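Colleague: The structure under discussion is supplied below as structure tokens; questions concerning it will follow.
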Amino acid sequence: MSLIVTFSAVIKERFISTCRKCKRKFKKRRDERKEARECGPSAPPETLPLKRKRALTLPLPEGTGFVWRSVPPQETNYQLQSLFCSKLLPEIRRQIYQEVLAPGGRELHLANADRRLCSMRCTVDTERLPQTPGWRHECWGVPRQDGTYKSHLHNAPPDEKLLSLLCTCRLIYSEAIDILYTENTFNVRKSRTIVELPGTILPHRFHSIRSLHIDTVFDYPWPQTTLPFPYWPPDVPDTWPMAWKVIAKMRDLRNLRVSLSQYDIHGSEEDMDDESVLNILRPLQAVKVPTFVVEFFWPVRRSQVLRKLGKVSFTMVLNTSRR
Numbered sequence: 001m002s003l004i005v006t007f008s009a010v011i012k013e014r015f016i017s018t019c020r021k022c023k024r025k026f027k028k029r030r031d032e033r034k035e036a037r038e039c040g041p042s043a044p045p046e047t048l049p050l051k052r053k054r055a056l057t058l059p060l061p062e063g064t065g066f067v068w069r070s071v072p073p074q075e076t077n078y079q080l081q082s083l084f085c086s087k088l089l090p091e092i093r094r095q096i097y098q099e100v101l102a103p104g105g106r107e108l109h110l111a112n113a114d115r116r117l118c119s120m121r122c123t124v125d126t127e128r129l130p131q132t133p134g135w136r137h138e139c140w141g142v143p144r145q146d147g148t149y150k151s152h153l154h155n156a157p158p159d160e161k162l163l164s165l166l167c168t169c170r171l172i173y174s175e176a177i178d179i180l181y182t183e184n185t186f187n188v189r190k191s192r193t194i195v196e197l198p199g200t201i202l203p204h205r206f207h208s209i210r211s212l213h214i215d216t217v218f219d220y221p222w223p224q225t226t227l228p229f230p231y232w233p234p235d236v237p238d239t240w241p242m243a244w245k246v247i248a249k250m251r252d253l254r255n256l257r258v259s260l261s262q263y264d265i266h267g268s269e270e271d272m273d274d275e276s277v278l279n280i281l282r283p284l285q286a287v288k289v290p291t292f293v294v295e296f297f298w299p300v301r302r303s304q305v306l307r308k309l310g311k312v313s314f315t316m317v318l319n320t321s322r323r
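In UniProt numbering, the protein residues as written are 1 to 323.
Below, the structure written as structure tokens:
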């Protein structure tokens, strides 16, 4: 009996020791994977297929009810038991969607994250802090070394998680999804985000965007062949011209604002030269938008630059209130 007890104790001790070793090994591997995600290059967003296997928006395509289709038949519950759907008029429901998905005066940030684009509602009171550049807002999240951002959606307040409402049911999704794209002002601070945006949403959603605000910062001279850090500055020469080719294809874009700041990480107070400004503005000339404003937050020789550019489709504004 004592031999069995002793043997059991030895086995138990070895088992616990092995479990502890496995736990430490698992924790080490988990930490290594986390460190690799934090420090290593992030993967680009996965390209969305041009046509979904299962429709999300009403009306459903014809023939989805046949049982011999390879895709399971789709059904829609019209939520007649819900007072929200059965009692409120569509116009009133739309006003509620508007308050949730596109509250007035608050832009929707778009940023690059690992394998996707993430969104976050701007939380900075621009009326109280008008001197804070948009690219400096804390609500962008924590930058990674490759220029992407850690998403803060898991820490966001409930009213900032836009997909919660849209994921309720197909009826609400169909009624509200267009508000997300047509009524929001999308704010980006990296041209890379614009380049990758068309591949992450359906083409008709991309073309339905009406308002875009680019608030970014450049290091100078522009363009630079080498960057001081992998994630600085927010905009780099590689993707800047590509972004404007994408913007030129946005069919329903009505309002475009570009806020440009300069920052020398080495602390120089010298302003960007005319040639660098021209290199920044030349890709913009192919874009035609009803309301198109380019705002500079450093002294630019406006008349000389415009004379060298020739005919432009945008209004050039100088604003040195924030630097």
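C-beta: ideal position from N, C-alpha, C; glycine also.
Bear in mind the structure is a predicted one, so any value in this text is a computation, not a measurement.
What's the C-alpha gap between Pro-283 and Met-242?
Modeller: By one-based count along the sequence shown, residue 283 stands at place 283. By one-based count along the sequence shown, residue 242 stands at place 242. Distance between the alpha carbons of Pro-283 and Met-242: 9 Å.
Colleague: Kindly indicate the opening and closing residues of the alpha helix (DSSP H) around Val-100.
Modeller: Your numbering for residue 100 matches position 100 in the sequence shown. Per DSSP, Val-100 belongs to the alpha helix (DSSP H) from 90-101.
Colleague: Using DSSP with H/G/I as helix, E/B as strand and the rest coil, what is Thr-291?
Modeller: Position 291 of the sequence shown, counted from the first residue, corresponds to residue 291. Strand.
Colleague: Does DSSP classify Leu-253 as helix, strand or coil?
Modeller: One-based indexing of the sequence shown puts residue 253 at position 253. Leu-253 falls in the coil class under three-state DSSP.
Colleague: Leaving out five residues before and five after Ile-92 in sequence, what residues of the same chain have Cβ atoms less than 7 Å from its Cβ?
Modeller: Residue numbering aside, residue 92 sits at position 92 when the sequence shown is read from its first letter. So the list is empty, once near-sequence residues are dropped.
Colleague: What residue from Val-312, Lys-311, Ser-261 has the CA that sits closest to Leu-318's CA?
Modeller: For the purposes of this step, residue 318 is taken as residue 318 along the sequence shown, with counting starting at 1. Cα-wise, what sits closest to Leu-318 is Ser-261.
Colleague: Secondary structure at Arg-121, three-state DSSP: helix, strand or coil?
Modeller: Numbered from 1 along the sequence shown, position 121 holds the residue referred to as residue 121. If DSSP states are grouped into helix, strand and coil, Arg-121 belongs with the strands.
Colleague: Under a three-way DSSP split, which group does Met-242 fall into?
Modeller: Numbered from its first residue, the sequence shown carries residue 242 at position 242. Helix.
Colleague: Using the beta-carbon count (16 or more within 10 Å), is Ser-313 buried or exposed?
Modeller: Counting from 1 along the sequence shown, the entry for residue 313 is found at position 313. Under this definition Ser-313 is an exposed residue.
Colleague: Report the rounded CA-to-CA distance for Asp-271 versus Pro-299, giving the unit in angstroms.
Modeller: Here residue 271 refers to the residue found at position 271 of the sequence shown. Here residue 299 refers to the residue found at position 299 of the sequence shown. Between Asp-271 and Pro-299, the C-alpha separation is close to 7 Å.
Colleague: My guess is that Glu-175 and Arg-94 are in contact by the Cβ rule of under 8 Å, so how many angstroms apart are they, rounded?
Modeller: Numbered from 1 along the sequence shown, position 175 holds the residue referred to as residue 175. Numbered from 1 along the sequence shown, position 94 holds the residue referred to as residue 94. About 7 Å; that satisfies the 8 Å criterion.
Colleague: Bridge partners of Val-188, per DSSP?
Modeller: Stepping through the sequence shown from its first residue, residue 188 is reached at position 188. Note: Val-188 sits in a beta bridge opposite Ile-214.
Colleague: Thinking C-alpha only, which one of Ala-102, Asn-77, Glu-196, Asp-274 is nearest Ile-247?
Modeller: What you label residue 247 is simply residue 247 of the sequence shown in a count that begins at 1. Closest by alpha carbon: Glu-196.
Colleague: Since Pro-143 sits in a beta bridge, which residues does DSSP pair it with?
Modeller: Here residue 143 refers to the residue found at position 143 when the sequence shown is read from its first residue. Tyr-149.
Colleague: Helix, strand or coil for Val-305 per DSSP?
Modeller: Residue mapping note: residue 305 aligns to position 305 of the sequence shown, counting from 1. Helix, per DSSP.
Colleague: One question on the structure: do Asn-187 and Ala-102 come within less than 8 Å of each other, judged by their Cβ atoms?
Modeller: Residue 187 sits at position 187 when you count from the first residue of the sequence shown. Residue 102 sits at position 102 when you count from the first residue of the sequence shown. Contact: no.
Colleague: For the beta strand (DSSP E) holding Asn-112, just list the boundary residues, first then last.
Modeller: Along the sequence shown, one-based indexing puts residue 112 at 112. Unbroken beta strand (DSSP E) run through Asn-112: 108-113.
Colleague: Is the segment 108-117 close to the segment 164-179, with three or more CB pairs under 8 Å?
Modeller: Counting Cβ pairs under 8 Å, fewer than three are found: no touch.
Colleague: Pro-158: buried (16+ other C-beta within 10 angstroms of its C-beta) or exposed?
Modeller: Locating residue 158 in the sequence shown gives position 158, where the first residue counts as 1. Interpretation of Pro-158 is limited by its pLDDT of 47, a score under 50 that renders its predicted location unreliable; the figure taken from the coordinates is listed afterwards. By the neighbour-count rule (16 or more Cβ atoms within 10 Å), Pro-158 is not buried but exposed.
Colleague: Buried or exposed: which applies to Phe-218, given that a residue is buried once 16 or more other Cβ atoms fall within 10 Å of its Cβ?
Modeller: One-based indexing of the sequence shown puts residue 218 at position 218. So Phe-218 ends up on the buried side.
Colleague: Under the assumption that Val-294 contacts Val-258 (Cβ atoms under 8 Å), give the Cβ distance between them as a whole number of angstroms.
Modeller: Here residue 294 corresponds to residue number 294 of the sequence shown, with the count starting at 1. Here residue 258 corresponds to residue number 258 of the sequence shown, with the count starting at 1. Yes, Val-294 and Val-258 are in contact; Cβ-Cβ is about 5 Å, under 8 Å.
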